[in-house]
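Accompanying notes for the structure given below.
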Ligand SMILES: [Zn+2]
Ligand SMILES: [Zn+2]
């Protein structure tokens, strides 16, 4: 199976569009105020906004959900999130992760007091996913949404049958987080992140598309986890 995959950087967030037989699904929706940049990128790729049918939010953090409402209003796509992060998307508040490594521990008190005050337009979730995940077949995609907790309790990944895994903040791969691909520097529970990696690897993840930075082979994560 060949799948069209487009990488869209919307601020610090790497979003992705995945082509299927019934249109495209989007993974994550960028930082706040990125709707103009999103429209420009779609035009450059000759993609019509109405072709996007689904927006999967890997989690409720502002850098992944910040432009979700405007992108939904533009495209008419349905928004999917894990049920335990619904109120953080629709209402207010932020799940504050811990610094995982030394750098994360230094960076966290510098960034998160500022992050937690940021506001962004709040969309309503159309589809709530629980721990069982969700098949994407009804959207014409051979793959599924997998619950991969750790960075936040409701973190989700999209895993295609062909091995591409869109993992949000299960991995970081660019400044200011990391300079090379690897585990996230922020996570509520890093041990759960590692367990979630084992699930994705066990289900056949081969190429990793992180929420921050460029794709990389799964072998990087296998080394990081000593598998
Ligand atoms: Zn996050
Ligand atoms: Zn993030």
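In the working numbering, the protein residues as written are 1 to 227.
No residue lacks a Cβ here, since even glycine has one placed at the ideal position from N, Cα and C.
Taken atom to atom, the span from the alpha-carbon of residue 175 to that of residue 63 is near 14 Å. Every residue whose beta carbon comes nearer than 6 Å to a heavy atom of ligand 2 appears here in chain order: 61, 63, 64, 169, 211, 212. Assigned with DSSP and collapsed to three states, residue 168 falls in strand. Relative to the Cα of residue 14, the nearest Cα in the group 166, 3, 104 belongs to 166. A direct Cα-Cα distance of roughly 19 Å separates residue 100 from residue 12. With a threshold of 7 Å, the Cβ atom of residue 147 does not count as near ligand 1, since no heavy atom of the ligand is closer than that.
Closest in C-alpha terms to residue 58, from the list 170, 108, 110, 187, comes 170.
Relative to ligand 1, the beta carbon of residue 82 is positioned no closer than 7 Å to any heavy atom. The Cβ atoms of residue 36 and residue 69 do not sit closer than 8 Å to each other. In this structure residue 218 does not touch residue 145 by the C-beta definition: roughly 18 Å separates them, more than the 8 Å allowed. With a cutoff of 8 Å on beta-carbon distance, residue 196 and residue 149 are scored as near each other. Taking the Cα of residue 186 as reference, the smallest distance to any Cα among 140, 96, 209 is reached at 96.
Straight-line measurement puts the Cα of residue 44 at about 27 Å from the Cα of residue 143.
CA-CA distance, residue 126 to residue 138, rounds to 15 Å. The beta carbon of residue 75 sits closer than 7 Å to those of 49, 50, 52, all from its chain and outside the five residues before and after it, given in chain order. Judged by the Cβ position, residue 46 fails to qualify as a neighbour of ligand 1 at the 7 Å threshold, every heavy atom of the ligand being at least this far.
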